[in-house]
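A.B. asks: Residue numbers (the working numbering): -13 to 32.
Pasting a structure here, questions to come.
Structural data, given as structure tokens:
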């Protein structure tokens, strides 16, 4: 059976075009993996 997938769409980037709340997303990915989710974070294309 395939792993469930969770995609997190983020809209906020800083002036350097990096995720503003990177540590929070990292924690969400770690916790998701613990319960068997394949978690990824993405932004909209400009």
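Using N, Cα and C, we set each Cβ at its ideal position, and we do this for glycine too.
1. Report all residues from its chain with a CB closer than 7 Å to the CB of residue 14; omit the five preceding and five following residues, and keep chain order.
2. Could you pull the start and end residues of the beta strand (DSSP E) that residue 21 belongs to?
3. Residues bridged to residue -1 by DSSP?
4. Between residue -3 and residue 18, is the Cβ-Cβ spacing less than 8 Å?
5. Out of 27, 10, 28, 23, which has the shortest C-alpha to C-alpha gap to residue -12?
C.D. replies: If we stick to the structure as given:
1. -6, 25
2. Counting along the chain, residue 21 falls outside any beta strand (DSSP E), and DSSP gives it neither H nor E.
3. As computed with DSSP, residue -1 is found in a beta bridge with 5.
4. no
5. It is 23 whose Cα lies nearest to the Cα of residue -12.
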